[in-house]
Each structure stands twice: as C-alpha cells, then as structure tokens.
Amino acid sequence: MRAFYAHPGGNVLIQELVDLKASLIAKGLEADVVPGVSDYGKNYKGSWEDWQKGVVHRVNFVTKKPVYDLFVVPGDDCGRATAAILEEALSVGKPVFWWDGNGAFERVSGVALFDPEDWQHGWRFERGEK
1 MRAFYAHPGG
11 NVLIQELVDL
21 KASLIAKGLE
31 ADVVPGVSDY
41 GKNYKGSWED
51 WQKGVVHRVN
61 FVTKKPVYDL
71 FVVPGDDCGR
81 ATAAILEEAL
91 SVGKPVFWWD
101 GNGAFERVSG
111 VALFDPEDWQ
121 HGWRFERGEK
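My numbering puts the first residue of the sequence shown at 1, with every later residue one more than the last.
1. Where do the N-terminal and C-terminal ends of the alpha helix (DSSP H) with Tyr-44 fall, by residue?
2. Just to confirm, is the Cβ distance from Leu-70 to Lys-94 under 9 Å?
3. Between the alpha carbons of Gly-135 and Pro-8, how many angstroms are there, rounded?
4. Between the Cα of Arg-124 and those of Ala-84, Lys-21, Ala-104, Glu-49, spot the shortest distance and give me the residue it belongs to.
5. If contact is defined by three or more beta carbon pairs under 8 Å, each pair taking one atom from either stretch, is the segment 48-63 in contact with the segment 12-20?
6. To the nearest angstrom, how far is it from the Cα of Thr-82 to the Cα of Ser-38?
7. What residue ranges within the segment 16-100 form continuous alpha helix (DSSP H) runs of no fewer than 4 residues, ordered along the chain?
8. On a Cα-Cα basis, can you pick out the residue from Val-96, Val-108, Glu-106 that is closest to Ala-3?
9. Under the DSSP definition of a beta bridge, which residues are partnered with Ala-112?
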C-alpha cells in the first residue's frame, strides 16, 4: 500500500514522514508514504493539471495497480494543486484522510474554496463522513 502525503508546498521533514508512517501502522495500515514534493519532482512534465490527475490515476507499469491507495493531508487548509488532487481522489472513491500530526485521523469528505484570492491556502478540508 502507498500513501500520497499532500503536505504544504516545499520540502517535508523526514521526521514528519516517519511519524505519519508510524501513525498509519498504529491504525493497521502498513503503507509506504510518498511526499507530494517527491512525486512532483519525479512526475511533473510541464502541466499542473496533468500532474494532479496523474497522482490519482497513475498505475504501476508492471503490476497495473494504482500507484497511490490513499491520500493524507495535514493542517486545516491547502492550495489549489492539493485541492485539485484531493477532489479528484474523492471523485473516484479513493480514501482521503486528515492527519493531526500526532496519530489521529479523520476522513475527508470534501474540499471547499473559502478564499478565491489565495491560491496557496484558499481551500479547507471538510472532515467527517458525508
């Protein structure tokens, strides 16, 4: 199982990835955690929209299985690219979870625009089942 970590832009701390993996294991989910910045560096080919959709729909060339089985987000808001990835994941029924950084998870049921002028933090997560 692989988890896409939709962290805020820029680099992510190694300890944060270790903590997230440990939190997932504590919930019974053995998953390799891939930070968004790593996927972007490896797979971005000049189009934001293509990369965002690829994060959700990409399959392993050999196994033909989806590259990511679940998506995890920290914090209370996100930018346009993360919002698009999460909306796409939710639209095809992939699980998206909010993580508090200390081991607690909540299901994300949607992403809502609250500040159209802020493309870096203008979307909030709707948590809980719908």
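Ideal Cβ positions, reconstructed from N, Cα and C, are used throughout, including at glycine.
The model shown is predicted, which means the values in this text are computed figures rather than measured ones.
According to the structure shown:
1. The count along the sequence shown starts at 1 and reaches residue 44 at position 44. According to the DSSP assignment, Tyr-44 belongs to no alpha helix (DSSP H), since it is labelled neither H nor E.
2. Stepping through the sequence shown from its first residue, residue 70 is reached at position 70. Stepping through the sequence shown from its first residue, residue 94 is reached at position 94. For Leu-70 and Lys-94, yes; Cβs fall inside 9 Å.
3. Because residue 135 is not part of the residues shown, which for the chain are 1 to 130, the question remains open.
4. Position 124 of the sequence shown, counting from 1, holds the residue named residue 124. Taking each of Ala-84, Lys-21, Ala-104, Glu-49 in turn and checking the Cα distance to Arg-124, the smallest one comes out for Ala-84.
5. At 8 Å Cβ cutoff, the stretches do not touch.
6. Here residue 82 corresponds to residue number 82 of the sequence shown, with the count starting at 1. Here residue 38 corresponds to residue number 38 of the sequence shown, with the count starting at 1. Distance between the alpha carbons of Thr-82 and Ser-38 is about 14 Å.
7. Runs of the alpha helix (DSSP H) lying entirely within the segment 16-100 and spanning at least 4 residues, in chain order: 36-43, 48-57, 80-91.
8. Position 3 of the sequence shown, counting from 1, holds the residue named residue 3. Among Val-96, Val-108, Glu-106, the Cα nearest to that of Ala-3 is on Val-96.
9. Numbered from its first residue, the sequence shown carries residue 112 at position 112. Ala-112 has Arg-124 as its beta-bridge partners, per DSSP.
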